[in-house]
Amino acid sequence: MDRPLTIGYFGDGRWARRALDRIVERPELRVLFVVGRHADPDPELRAYAERLDVPFATDPDVNRPGFVDAVRAYEADLHVSMSFDQILGRELIDLAPEGFINCHAGALPFYRGRNVLNWALINGEDRFGVTVHYVEETIDTGDIILQRFADIAETDDYASLLDKAVALCADVLPDALLQIRAGEVDPTPQDEIHPVGFYCSGRREGDEWIDWTWTSERIHNFVRGIAPPAPGARTLLGDDRLALLRTALVDEAPAYIDRPGTVVGRDPEGIVVKTGDTSIRVRRVADFDPDEGLSNERVPEHPIGTVFGVNPRREVERLRERVRSLEQQLQYDAADTSREENRA
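Here the sequence shown is numbered in the working numbering, starting from 92 and rising by one per residue.
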């Protein structure tokens with residue numbers, strides 16, 4: 092191709108902005124328009140499009156015929172998705188002659204789907220991948236154009252890994268675009284890497300609770316995997332919730348049987364808590380505000396013998412009381428209904 096590769100850019104947030112920084116540096120690449128998230132579109136991405144003097148659009152359904160026709164009118168060579176939040180239909184996928192590509196922060200065919208950086212940390216991976224691939228109607232299954240890896244350090248948590256992934260995506264995407272422009276792409280079907288791969292589910296409310304019967308390593312990876320800006324791992328202390336923000340494995344900690352969740356040691360760096368196998372050092376905790384934000388981050392100083400987590404006997408009693416309350420309410424409701432019928 093002896094002219095710039097023209098691009099329709101679909102994206103959101105800092106992922107999209109950082110990659111756009113790198114794309115516009117290359118004279119061989121030219122962005123024709125930007126499509127942002129419809130619900131609460133990124134104002135910085137809109138402003139970026141204005142600085143580039145290209146149109147910025149949003150739509151609740153980018154697959155509807157009217158929007159597809161509007162995209163078609165730009166006659167872009169290629170369409171790109173970078174952290175875009177809608178599933179793309181066949182007509183939109185096939186619209187540009189060079190296709191539709193996506194940059195995914197996972198090592199396809201593994202880590203397809205949602206919240207993949209959280210899951211990579213939770214699974215204790217020592218590296219993560221970024222994959223530029225062709226878009227298909229099924230999520231994250233298209234042939235791979237370019238894939239690169241970066242190390243996950245033992246000290247990484249979700250915040251630091253997110254920074255690494257945003258930077259790596261911004262480096263890999265322009266390189267893939269230049270390969271497409273030069274006609275140098277040799278796509279790799281994902282089943283040549285692995286016949287199955289796997290999908291990651293979107294994390295949801297309730298997934299943040301620590302099970303102290305897990306191994307120390309699993310708890311440690313869980314805590315760093317959902318550290319802020321994710322919601323933070325949490326446990327109970329009596330009736331109060333406590334966020335665990337930073338933990339560390341204890342060198343040469345022996346495996347033994349005791350009550351999981353019990354504070355068994357203290358030092359200037361925090362507290363040591365019994366787990367399902369050994370013990371783990373908890374270095375930073377925080378409280379929850381009424382609006383679910385975190386406050387009062389600190390080094391924990393709970394005394395030895397403190398027990399975190401659910402007390403099974405107390406929880407059974409709480410549930411029994413809840414059942415009794417519901418049964419009583421049903422009796423009141425039935426009595427009210429009977430009185431109304433008798434008056435009628």
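For each residue, glycine too, the CB sits at the ideal point set by N, CA and C.
### Query
Buried or exposed: which applies to ASP100, given that a residue is buried once 16 or more other Cβ atoms fall within 10 Å of its Cβ?
A quick correction: the sequence has Tyr, not Asp, at residue 100. That one is buried.
#### Entry: Rounded separation between ARG117 and GLY215 - CA only
Rounded to the nearest whole angstrom, the C-alpha separation of ARG117 and GLY215 is 37 Å.
### Query
PRO359: buried (16+ other C-beta within 10 angstroms of its C-beta) or exposed?
exposed
### Task
Identify which residue in VAL145, ILE230 and ASN206 has its Cα closest to the Cα of ARG181.
ILE230
### Query
For ASP266, which residues from the same chain have a beta carbon less than 7 Å from its beta carbon, with the 5 sequence-adjacent residues on both sides left out?
For ASP266, where only same-chain residues beyond five positions count, the Cβ hits under 7 Å are LEU237.
### Query
What are the boundary residues of the alpha helix (DSSP H) that ALA211 is part of?
Residues 207–213.
### Message
Can you tell me which residues form a DSSP beta bridge with TRP300?
### Response
ARG325
### Query
Taking one C-beta from the region 191–200 and one from the region 168–179 each time, how about it: are there three or more such pairs within less than 8 Å?
yes
### Query
What residues match up with ILE184 in a beta bridge as DSSP calls it?
Per DSSP, none; premise fails for ILE184.
### Given ALA233 as reference, the closest of LEU179, ALA256 and ASP248 once Cα atoms are compared
Note that residue 233 is Gly in the sequence shown, not Ala. Minimum Cα distance to GLY233 is reached at LEU179.
### Query
So, helix, strand or coil for GLU216, using DSSP?
coil
### Message
I need the DSSP call for GLN445, collapsed to helix, strand or coil.
### Response
Limits of the chain in this structure are 92 at one end and 435 at the other, which puts residue 445 out of reach.
### Task
Report, in whole angstroms, the separation of the C-beta atoms of SER307 and ILE362, which I expect to be a contact under 8 Å.
The Cβ separation is near 14 Å, so there is no contact.
### Other residues of its chain near GLU108: CB distance less than 7 Å, five sequence neighbours each side excluded
Per the sequence shown, the amino acid found at residue 108 is Arg instead of Glu. Answer for ARG108: GLU135, LEU136 and TYR139, listed in chain order.
### Task
Report yes if the C-beta distance between VAL354 and THR397 is below 8 Å; otherwise report no.
yes
### Query
On the premise that LEU199 lies in contact with TYR249, defined as a C-beta separation below 8 Å, what is that separation, rounded to the nearest angstrom?
The pair is not a contact, with the Cβ atoms about 20 Å apart (cut-off 8 Å).
### Query
Name the DSSP bridge partner or partners of GLY396?
In DSSP, GLY396 forms no bridge with anything.
#### Entry: Contacting residues, own chain, Cβ-Cβ under 8 Å from VAL145 (five flanking each side not counted)
VAL122, LEU123, PHE124 and VAL125
### Task
Would you identify the three-state DSSP class for GLY104, choosing helix, strand or coil?
helix
### Contiguous alpha helix (DSSP H) assignments of at least 4 residues, all confined to the region 132–174
134–143 and 156–163
### Task
In the DSSP assignment, find the alpha helix (DSSP H) that holds PHE313 and state where it starts and stops.
For PHE313, the enclosing alpha helix (DSSP H) covers residues 307–316.
### Message
Pull the bridge partners of PHE240 from the DSSP assignment, please.
### Response
GLY220
### Query
When DSSP labels each residue in this structure, what does ARG374 get in the three-state scheme?
For ARG374, the secondary structure class from DSSP, reduced to helix, strand or coil, is strand.
### Message
If I follow the unbroken beta strand (DSSP E) through ASP358, where does it start and stop?
### Response
354–358
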